[in-house]
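Everything on this sheet refers to the single structure shown next.
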Amino acid sequence: MPAIGFLAIFSFLPLAVTLVFSVLRYRLLAPRIPAFCGFQNFLRLFSDTQFLESVVHTSEIVITVITLSVLGGLILAFLLNHEMPGKRLIRMLVISPFFIIPTVGALIWKNLLLDPAGGVISTLFKQLGMMPIDTFAVMPMAMVILIVLWQWLPFATLILLTSLQSLDTDQLEAASLDGAKGLDCLYHITLPHLLRPMTIVILMELLYLLAIFAEVLVTTAGGPGSKTTNLTYYIYSKALLEFNVGAASAAGLLAVVLANIITLVMSKPIKRSVGL
Amino acid sequence: MNRTRIDYRITVLSWLAALLIAFPLIWMALMSFKSDFNAVHNPFDFSSWTLESYTSVFRDQAYFLYLMNSIVTALGATALALALALPAAWSLTFAPSPNRSSIMIWILSTKMMPAIGILMPAFLIYNKLMLLDTQLGLVLMVAAGNLPIIIWMLFSYFKDIPYGIIEAARIDGASVRKEIFLFLLPLAAPGLASTALLSIILAWNESFWTLNLSGANAAPLTAFIASFSSPQGLFWARLSAASCLAVIPILIVGWLCQRHLVRGLTFGAIK
């Protein structure tokens, strides 16, 4: 199958090259030719606080955004699953952020909304007579998470709402005829029905959140200091800002291993939820 | 559960939530009709409207280059990915090998691999092959990135085609090519269309490879917008106008095919 070949070329070939690079002392800016250096790159990584921090930051983003988007998505899905005037329009508004180019979304937040000089929020603050805060300086990580959450909450809502609408209402009616109270229905029928879509939402978000890049690049560039440097941005800075091929490859390899562990853990629920 | 009665508290809450979530986009649209100066210094003053930002974006020759790059990348990557995914999904559905589910998981696992893991080699290989900052280079990389999801999605559509029809075609002596072009494609046309749309959305918004593998020549709109992040100068109105133009086509596509997207993004688990 040509597709398999194409995927192999674009995933395994570079991966193999990464593997080789990761054990080389290889800097594009240094005049020396690449030389074997064993596991030095890896050892240096593990003693690099910036690297360790970036792993922590990555997990912060992944865990917070997944938790909040699934919970928020559930609430929104239940809320929007009612008849109301303008239902379609509401739905369109709610899911819109998901279709926005990440760099666009991030820059709108950074400039138009949160900028301490002319952003909406700080202007509001000023008119209320309060001091505007430079949110990206005070709590940069929270801001990055906010932007990413804004993009992924609509996704969770869309999936959960669609799934809620496909719930068989006969089942609920039958249950309530049998004397089941609202909460019983929720626990025994609705939530189990939503389990599968929730698994898928978590899986898809994992896939994309581990690799958040554009949002960090255009808002904080990993800073201030390295307060918002996640794994992706760390590797990017090693690779294309410092041109340290060896270190970037070693860190990249660790990222791949991490992702594979997650895939392994997730592969059972995936197979189950798509019915393979 | 009474679904026909309208509860006004829920209506009000829903509208509030929707407006809050969409507020950044609404605000962006409003700002795009102001002047750069007013957008920064009088954000709440809506007395003067102007198309200045739009005309200045259109006057910028470079904008059309970025737009073309976005279109070429999105359409090219979609065409390539579909061309590769079709035979793959066909054989996974209608000529399965015993370890089909492992192959499927393997295909998906290439998507799990963070792109950043291969950034360095990809960059160096592209450099050697002169693919850096070319449309072809972006098309190849973006297609590769979306291929797993597209194979999975096509598979989920093919799975729903009654096997009997394909079998009948085979018994009547249809070749593989005929089987695919005369039976499979017409039957799966709606699925194919929504797969293509999802692929276009993903490719249009892709902002890892497009930011890292392109420069002045092949940069699509994602990179153009990112260039506004530089602090020298506050071109908020122009940023808003350019952003509106960049996101509106995809927003419309997204609105029109929500249901198909849900299906695609959940690999057919939710219809």
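First to last, the sequence lines map onto chains A and B.
According to the working numbering, the first sequence holds residues 12 to 287 in order.
According to the working numbering, the second sequence holds residues 1403 to 1673 in order.
A virtual CB, placed ideally from N, CA and C, is assigned to each residue, including glycine.
Because the structure is a prediction, the values reported are computed rather than measured.
Cutoff 7 Å: residue i Cβ touching any chain A Cβ
{"i": "residue 1495 of chain B", "result": "no"}
{"i": "residue 1577 of chain B", "result": "no"}
{"i": "residue 1492 of chain B", "result": "no"}
{"i": "residue 1656 of chain B", "result": "yes"}
{"i": "residue 1585 of chain B", "result": "no"}
{"i": "residue 1501 of chain B", "result": "no"}
{"i": "residue 1555 of chain B", "result": "no"}
{"i": "residue 1404 of chain B", "result": "Only weak support exists for where residue 1404 of chain B lies, its pLDDT of 48 falling under 50; the coordinates are left without a value."}
{"i": "residue 1609 of chain B", "result": "yes"}
{"i": "residue 1451 of chain B", "result": "no"}
Which of helix, strand or coil DSSP assigns to residue i
{"i": "residue 255 of chain A", "result": "strand"}
{"i": "residue 68 of chain A", "result": "helix"}
{"i": "residue 102 of chain A", "result": "helix"}
{"i": "residue 1648 of chain B", "result": "helix"}
{"i": "residue 94 of chain A", "result": "coil"}
{"i": "residue 1659 of chain B", "result": "coil"}
{"i": "residue 1440 of chain B", "result": "helix"}
{"i": "residue 1451 of chain B", "result": "coil"}
{"i": "residue 1668 of chain B", "result": "coil"}
{"i": "residue 1608 of chain B", "result": "coil"}
{"i": "residue 1472 of chain B", "result": "helix"}
{"i": "residue 1490 of chain B", "result": "helix"}
{"i": "residue 192 of chain A", "result": "coil"}
{"i": "residue 181 of chain A", "result": "helix"}
{"i": "residue 1591 of chain B", "result": "helix"}
{"i": "residue 1411 of chain B", "result": "helix"}
{"i": "residue 1460 of chain B", "result": "helix"}
{"i": "residue 1403 of chain B", "result": "Low per-residue confidence applies at residue 1403 of chain B: pLDDT is 46, beneath 50, and the placement is therefore not dependable enough to give any value."}
{"i": "residue 1435 of chain B", "result": "coil"}
{"i": "residue 52 of chain A", "result": "helix"}
{"i": "residue 112 of chain A", "result": "coil"}
{"i": "residue 1446 of chain B", "result": "coil"}
{"i": "residue 1653 of chain B", "result": "helix"}
{"i": "residue 1637 of chain B", "result": "coil"}
{"i": "residue 1419 of chain B", "result": "helix"}
{"i": "residue 1619 of chain B", "result": "coil"}
{"i": "residue 288 of chain A", "result": "In the structure as shown, chain A starts at 12 and stops at 287, and residue 288 of chain A therefore has no counterpart that could be examined."}
{"i": "residue 165 of chain A", "result": "helix"}
{"i": "residue 1497 of chain B", "result": "coil"}
{"i": "residue 58 of chain A", "result": "coil"}
Min CB distance residue i to chain B below 7 Å
{"i": "residue 105 of chain A", "result": "yes"}
{"i": "residue 95 of chain A", "result": "yes"}
{"i": "residue 274 of chain A", "result": "yes"}
{"i": "residue 114 of chain A", "result": "yes"}
{"i": "residue 129 of chain A", "result": "yes"}
{"i": "residue 211 of chain A", "result": "yes"}
{"i": "residue 167 of chain A", "result": "no"}
{"i": "residue 119 of chain A", "result": "yes"}
{"i": "residue 123 of chain A", "result": "yes"}
{"i": "residue 186 of chain A", "result": "no"}
{"i": "residue 57 of chain A", "result": "no"}
{"i": "residue 79 of chain A", "result": "no"}
{"i": "residue 278 of chain A", "result": "yes"}
{"i": "residue 133 of chain A", "result": "no"}
{"i": "residue 237 of chain A", "result": "no"}
Burial state of residue i, where buried means 16 or more other Cβ atoms lie within 10 Å
{"i": "residue 1451 of chain B", "result": "exposed"}
{"i": "residue 198 of chain A", "result": "exposed"}
{"i": "residue 1618 of chain B", "result": "exposed"}
{"i": "residue 279 of chain A", "result": "exposed"}
{"i": "residue 1581 of chain B", "result": "buried"}
{"i": "residue 1411 of chain B", "result": "exposed"}
{"i": "residue 228 of chain A", "result": "buried"}
{"i": "residue 1565 of chain B", "result": "exposed"}
{"i": "residue 288 of chain A", "result": "Residue 288 of chain A lies beyond the range of chain A shown here (12 to 287); nothing can be said about it."}
{"i": "residue 1614 of chain B", "result": "buried"}
{"i": "residue 226 of chain A", "result": "buried"}
{"i": "residue 162 of chain A", "result": "buried"}
{"i": "residue 1438 of chain B", "result": "buried"}
{"i": "residue 142 of chain A", "result": "exposed"}
Proximal chain D residues relative to residue i, where beta-carbon distance stays under 9 Å
{"i": "residue 1517 of chain B", "result": "No chain D appears in the structure shown, which is made up of the protein chains A and B."}
*Taking the runs of the alpha helix (DSSP H) that are 4 residues or longer, which of them lie wholly in the region 205–287 of chain A?*
The qualifying runs are 225–230, 242–247, 256–285.
*asked:* Runs of 4 residues minimum, wholly inside the region 136–160 of chain A: which ones carry the alpha helix (DSSP H) assignment?
replied: List check, alpha helix (DSSP H) in window: 146–149.
*Identify every run of the alpha helix (DSSP H) within the region 1514–1580 of chain B, keeping only runs that are complete inside it and at least 4 residues long; order them along the chain.*
The alpha helix (DSSP H) runs of length 4 or more contained entirely in the region 1514–1580 of chain B are, from start to end of the chain, 1521–1530, 1537–1560, 1565–1573.
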